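Peer 1:
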Amino acid sequence: MEPLEIKKYPDSVLRKKALEIKEVTDKEVRLFEEMLFTMRHFAGIGLAAPQIGITKSLIVVDIGEGAIRLANPVIMKTKGLGAKWEEGCLSIPGIGVSIARPEEIIVSGLNELGEVIELEAQGLLARVLQHEIDHLRGKLIIDYLGLLEKMMLLKPKFWKAKDKYVNL
Amino acid sequence: MISDKMLRLIAKKENIDINVLKRNIARGLAVVLANKNHKNIRPIAVGKDLTVKVNVNIGASPNDLCLKNELKKLNAAIEAGADAVMDLTISRCSSDIDKIRKAIIEHCPCPLGTVPIYQAAIESGGVKCMAIKDYLKVLERQAEEGVDFVTIHSGVTRAALSLVKKRQIPVVSRGGSFLLEWMARNKKENFLYEYFDEILDIAKEYNVTISLGDGLRPGCIADSTDRAQVYELEVLGELALKARQKGVQVIIEGPGHIPLNEIKKNVELEKKICCGAPFYVLGPLPIDTAVGYDHIACSIGGALAGYCGADFLCYVTPKEHIGLPDVEDVRQGVVITKIAASIADIARGNKKAILQNKLMSKARKNFDWVKMCEYAIDRRKFKELLSEAPRLKKGGCSMCGDEFCALKVYR
Chain Y
-2 MEPLEIKKYP
8 DSVLRKKALE
18 IKEVTDKEVR
28 LFEEMLFTMR
38 HFAGIGLAAP
48 QIGITKSLIV
58 VDIGEGAIRL
68 ANPVIMKTKG
78 LGAKWEEGCL
88 SIPGIGVSIA
98 RPEEIIVSGL
108 NELGEVIELE
118 AQGLLARVLQ
128 HEIDHLRGKL
138 IIDYLGLLEK
148 MMLLKPKFWK
158 AKDKYVNL
Chain B
25 MISDKMLRLI
35 AKKENIDINV
45 LKRNIARGLA
55 VVLANKNHKN
65 IRPIAVGKDL
75 TVKVNVNIGA
85 SPNDLCLKNE
95 LKKLNAAIEA
105 GADAVMDLTI
115 SRCSSDIDKI
125 RKAIIEHCPC
135 PLGTVPIYQA
145 AIESGGVKCM
155 AIKDYLKVLE
165 RQAEEGVDFV
175 TIHSGVTRAA
185 LSLVKKRQIP
195 VVSRGGSFLL
205 EWMARNKKEN
215 FLYEYFDEIL
225 DIAKEYNVTI
235 SLGDGLRPGC
245 IADSTDRAQV
255 YELEVLGELA
265 LKARQKGVQV
275 IIEGPGHIPL
285 NEIKKNVELE
295 KKICCGAPFY
305 VLGPLPIDTA
315 VGYDHIACSI
325 GGALAGYCGA
335 DFLCYVTPKE
345 HIGLPDVEDV
355 RQGVVITKIA
365 ASIADIARGN
375 KKAILQNKLM
385 SKARKNFDWV
395 KMCEYAIDRR
405 KFKELLSEAP
415 RLKKGGCSMC
425 GDEFCALKVY
435 R
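Going down the list, the protein sequences come from chains Y and B.
Mapping of the first sequence onto our numbering: residues -2 to 165, in sequence order.
Mapping of the second sequence onto our numbering: residues 25 to 435, in sequence order.
1. Name the one or two DSSP bridge partners that Thr249 (chain B) has.
2. For Ile243 (chain Y), tell me which candidate among Y:Ile56, Y:Arg98, Y:Ala46 and Y:Ser105 has the shortest Cα-Cα distance.
3. Count the other C-beta atoms from every protein chain shown that fall within 10 angstroms of the C-beta of Leu431 (chain B), then say buried if there are 16 or more, exposed otherwise.
4. Does the beta-carbon of Ile193 (chain B) have 16 or more other beta-carbons within 10 angstroms, so that it is buried, or is it exposed?
5. Less than 7 Å between C-beta atoms, sequence neighbours within five positions excluded: which residues of the same chain meet that for Lys375 (chain B)?
6. Just checking: is the beta-carbon of Phe34 (chain Y) within a distance shorter than 9 Å of some beta-carbon in chain B?
7. Who are the Cβ neighbours of Pro133 (chain B) in its own chain at under 8 Å, not counting the five residues just before and after it?
8. When DSSP labels each residue in this structure, what does Cys338 (chain B) get in the three-state scheme?
9. Per DSSP, what are the beta-bridge partners of Glu103 (chain B) in this structure?
10. Given that a residue counts as buried once 16 or more other Cβ atoms are within 10 Å of its Cβ, and exposed if not, what is Ser385 (chain B)?
11. Between the segment 312 to 329 of chain B and the segment 353 to 366 of chain B, do at least 3 Cβ pairs fall closer than 8 Å?
12. Note down, in chain order, each residue of its chain lying with its Cβ closer than 8 Å to the Cβ of Phe428 (chain B), except the 5 sequence neighbours on either side.
13. Where in the segment 67 to 105 of chain B do unbroken runs of the alpha helix (DSSP H), each at least 4 residues long, occur, reported from the N-terminal end onward?
14. What does His128 (chain Y) reach in chain B if we use C-beta pairs closer than 9 Å?
15. Would you mind sorting Thr313 (chain B) into buried or exposed? The rule is 16 or more other CB atoms within 10 Å of its CB.
16. Can you tell me whether Pro7 (chain Y) is buried or exposed, with buried defined as 16 or more other CB within 10 angstroms of its CB?
17. Exposed or buried, Met110 (chain B), counting other C-beta atoms within 10 Å across all chains shown (16 or more means buried)?
18. Can you tell which of B:Thr233, B:Pro279 and B:Val433 has its C-alpha closest to the C-alpha of Ile49 (chain B)?
19. Could you list which residues in chain B have their beta carbon closer than 9 Å to that of Leu87 (chain Y), in chain order?
20. Would you tell me roughly how many angstroms separate the C-alpha atoms of Val163 (chain Y) and Asn43 (chain B), rounded to the nearest one?
21. What residues match up with His281 (chain B) in a beta bridge as DSSP calls it?
22. Just to confirm before moving on: does the CB-CB distance between Thr341 (chain B) and Asn290 (chain B) stay below 9 Å?
23. Checking contacts by CB at 9 Å: is Lys432 (chain B) closer than that to chain Y?
24. How would you write the range of the beta strand (DSSP E) that Arg209 (chain B) sits in, first residue to last?
25. Considering just the uninterrupted stretch of the alpha helix (DSSP H) at Val394 (chain B), what are its terminal residues?
26. Which of the three DSSP states is assigned to Tyr230 (chain B) in this structure?
27. Between Asp59 (chain Y) and chain C, is there a C-beta pair that is closer than 9 Å?
28. Since I believe Asp107 (chain B) is in contact with Lys77 (chain B) (beta carbons under 8 Å), could you give me their beta-carbon distance rounded to a whole number of angstroms?
29. Do you know how far the Cα of Ser235 (chain B) is from the Cα of Ala368 (chain B)?
30. Got a sec: which bits of the segment 40 to 71 of chain Y sit with their beta carbon under 8 Å from any beta carbon on chain B, in order along the chain?
31. What does Leu121 (chain Y) reach in chain B if we use C-beta pairs closer than 7 Å?
32. Just verifying my parser: in three-state terms, what is the DSSP assignment at Thr361 (chain B)?
33. With DSSP as the reference, label Ala118 (chain Y) as helix, strand or coil.
34. To the nearest angstrom, how far is the alpha carbon of Leu31 (chain B) from that of Tyr317 (chain B)?
35. Measuring alpha carbon to alpha carbon, tell me which residue in B:Lys161, B:Ala327 and B:Arg198 is nearest Leu112 (chain B).
36. Which of the three DSSP states is assigned to Gly61 (chain Y) in this structure?
Encoded structure:
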């Protein structure tokens, strides 16, 4: 298997709203596997379909406790505002943004067999799931920043010399 | 595979958020060295956002096979603050290697590493007759006993044979030389490269971390960062990705003899090619002529490498390039490398290391000799020197005497 190309900011596909899928067919299952491969290849822990240029509502997550494949994920319930910590994104390499997100969430969606499932998540898993679900709505981590902070991050040439190996 | 309890323990010791640790591990930027069968282990994590760790190589050689001696070295290393131990025993008889390894695992509270190719070569009846079947058997046996990380020289492929010919010293890695000889004789590709998937399966089963060995590390300054070395690194990068797909933890081994000005480049190259996998440097030694003081030369290179992003330093003893180290050599090597690691920690902004240094200077200002001892890296040496030096009435040291002590003259 070859890794797919990851669309980088400011690709317009990252801003498109992902379409809900009607049912999970073989095509989606294959896509799930390709997404997992690509995610691991680039040392990621989560990937949403828009990041590889497909506007379908599909995400994959693996934080080392087994892969999670979800179609049409929706956050049902959130609890508590967790601590701020830095998040990265494969589509915006080299940039970390401190974001405060709910500590615990309940997500529902379809699994790879097409069954409706509900998932309780907390800590790292909750954070990754929220990050990927943001992608499906066209939201990126830099949207959590103020204008000035965004300028400083995205136009580092104006502010400081750019790091040579930013994409690690 | 790695329990939550273990992660909490590590996060507390390293003083970082457990979620950040989990993320780094899942992304392959950090690894936890802990075989599921190693019972008495105090697990450590190596990699991003963590302190720089120190590895100690012990192990007998065919000319000096003494189990008692090796256990003494092990104890000296742990007492001096080693984070991980590698057993590099090589002998003409496979059962000796088993015996020493089993004893070390039993007495070793920190992660233990081995290089299975040494034993595989002996069990196959010599370097020329090595076979993957014997290798996998040895690997499985060692993994089952509880070895936490293994060095695997999968990057020494056939293309390297022509590249090393241009070098001053073709090869200095023991494992690397075995494989080059085997490939030249048998005219086949390195079996560790061909059967890497089978190796990964075993590693996955026991949660053994794979340390991708640098069989082509430069053996002198003249060969540093040459084509053979970079070629091998590229192969290792490809294999690291393969391991990540299978969910096996990997660290990448690095050089070797590297001049000071190339150390930063080497670390950056590894992080770039291997997608940020933890870097385990064997030195680096920035000079060839410091024989007898190689441990000090190595710690100078190690401190810089650690600051630039290397995560795991392998110690060097004063006996490097001369002979098998004894207990005192091991102790000295560990302490000096530990100092290099701490220097790197401060430069990397590790809060705990910075606090430790702050407390030390506070104790120094107050002439609090007991506290000073507590924060010293090598307490034994501190106490030893303290007992020799004459103490003055007002608690100062004999460097300037009470009258002219800078700390007392101006308060």
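Virtual Cβ for every residue (Gly too), placed ideally from N, Cα, C.
In this text the structure is predicted, and so the values were computed from the model without any measurement.
Peer 2: Here's the rundown:
1. Position 225 of the second sequence, counted from the first residue, corresponds to residue 249 (chain B). Per DSSP, none; premise fails for Thr249 (chain B).
2. No answer is possible for residue 243 (chain Y): it lies beyond the span of chain Y, which begins at -2 and ends at 165.
3. As a position in the second sequence, residue 431 (chain B) is number 407, starting the count at 1. Result: exposed.
4. Translated into positions along the second sequence, residue 193 (chain B) becomes position 169. Flag for Ile193 (chain B) reads exposed.
5. Within the second sequence, residue 375 (chain B) is the residue found at index 351, counting from 1. Counting only Cβ-Cβ distances below 7 Å, and skipping sequence neighbours, we find Asn39.
6. Your numbering for residue 34 (chain Y) matches position 37 in the first sequence. Answer yes: the Cβ-Cβ gap between Phe34 (chain Y) and chain B drops below 9 Å somewhere.
7. Position 109 of the second sequence, counted from the start, is the residue given in the question as residue 133 (chain B). Only Asn64, Ile65, Arg66 and Ile102 meet the Cβ criterion.
8. Here residue 338 (chain B) refers to the residue found at position 314 of the second sequence. Correct three-state label for Cys338 (chain B): strand.
9. Translated into the one-based positions of the second sequence, residue 103 (chain B) becomes position 79. Its beta-bridge partners do not exist; DSSP assigns none.
10. For this step, residue 385 (chain B) is matched to residue 361 along the second sequence. By the neighbour-count rule (16 or more Cβ atoms within 10 Å), Ser385 (chain B) is not buried but exposed.
11. yes
12. Taking the first residue of the second sequence as position 1, residue 428 (chain B) is located at position 404. Excluding positions up to five away in sequence, the list is empty.
13. 91 to 104
14. Here residue 128 (chain Y) refers to the residue found at position 131 when the first sequence is read from its first residue. Within chain B, no residue comes near His128 (chain Y); the closest Cβ sits about 11 Å away, beyond 9 Å.
15. The residue you call residue 313 (chain B) lines up with position 289 of the second sequence. So Thr313 (chain B) ends up on the exposed side.
16. Position 10 of the first sequence holds residue 7 (chain Y). Exposed, because fewer than 16 other Cβ atoms sit within 10 Å of the Cβ of Pro7 (chain Y).
17. If you number the second sequence from 1, residue 110 (chain B) lands on position 86. Buried is the call here.
18. Position 25 of the second sequence, counted from the start, is the residue given in the question as residue 49 (chain B). Looking at the Cα atoms, B:Thr233 is the closest of the given residues.
19. Start at 1 with the first residue of the first sequence, and residue 87 (chain Y) comes out as number 90. Ordered by position in chain B, no residue passes the 9 Å Cβ test against Leu87 (chain Y), which lies about 10 Å from the chain.
20. Taking the first sequence and counting its residues from 1, the one referred to as residue 163 (chain Y) is at position 166. Taking the second sequence and counting its residues from 1, the one referred to as residue 43 (chain B) is at position 19. Residue confidence for Val163 (chain Y) is low, a pLDDT of 48 falling below 50, so the modelled location carries little weight; the figure read from the coordinates is stated next. Each residue's alpha carbon lies about 23 Å from the other.
21. As a position in the second sequence, residue 281 (chain B) is number 257, starting the count at 1. The partner list for His281 (chain B) (beta bridge, DSSP) reads B:Leu309.
22. To locate residue 341 (chain B), count along the second sequence from 1; it is residue 317. To locate residue 290 (chain B), count along the second sequence from 1; it is residue 266. Cβ distance not < 9 Å, so Thr341 (chain B) and Asn290 (chain B) don't count as in contact.
23. Counting from one through the second sequence, the residue named residue 432 (chain B) turns up at place 408. Judged by the 9 Å Cβ criterion, Lys432 (chain B) is not in contact with chain Y.
24. Against the second sequence, residue 209 (chain B) aligns to sequence position 185. Segment Arg198 to Asn210 is the alpha helix (DSSP H) holding Arg209 (chain B); no beta strand (DSSP E) there.
25. For the purposes of this step, residue 394 (chain B) is taken as residue 370 along the second sequence, with counting starting at 1. Unbroken alpha helix (DSSP H) run through Val394 (chain B): Trp393 to Tyr399.
26. Within the second sequence, residue 230 (chain B) is the residue found at index 206, counting from 1. Tyr230 (chain B) falls in the helix class under three-state DSSP.
27. Of the protein chains in this structure, namely Y and B, none is chain C.
28. Here residue 77 (chain B) is taken as the residue at index 53 of the second sequence, counted from 1. Here residue 107 (chain B) is taken as the residue at index 83 of the second sequence, counted from 1. Correct: roughly 4 Å between the Cβ atoms.
29. Position 344 of the second sequence holds residue 368 (chain B). Position 211 of the second sequence holds residue 235 (chain B). When rounded, the distance between both Cα atoms is 22 Å.
30. Ala40, Gly41, Ile42, Asp59, Ile60 and Gly61
31. Stepping through the first sequence from its first residue, residue 121 (chain Y) is reached at position 124. Correct list: Asn43, Lys46 and Arg47.
32. Reading the second sequence from its first residue, position 337 is the one you call residue 361 (chain B). The answer is helix: DSSP assigns Thr361 (chain B) an H, G or I state.
33. Taking the first residue of the first sequence as 1, we reach residue 118 (chain Y) at position 121. Correct three-state label for Ala118 (chain Y): strand.
34. Mapped onto the second sequence, residue 31 (chain B) falls at position 7. Mapped onto the second sequence, residue 317 (chain B) falls at position 293. Straight-line Cα distance between these residues: approximately 38 Å.
35. Looking up residue 112 (chain B) in the second sequence gives position 88. Considering only alpha carbons, the answer is B:Arg198.
36. Position 64 of the first sequence holds residue 61 (chain Y). Coil.
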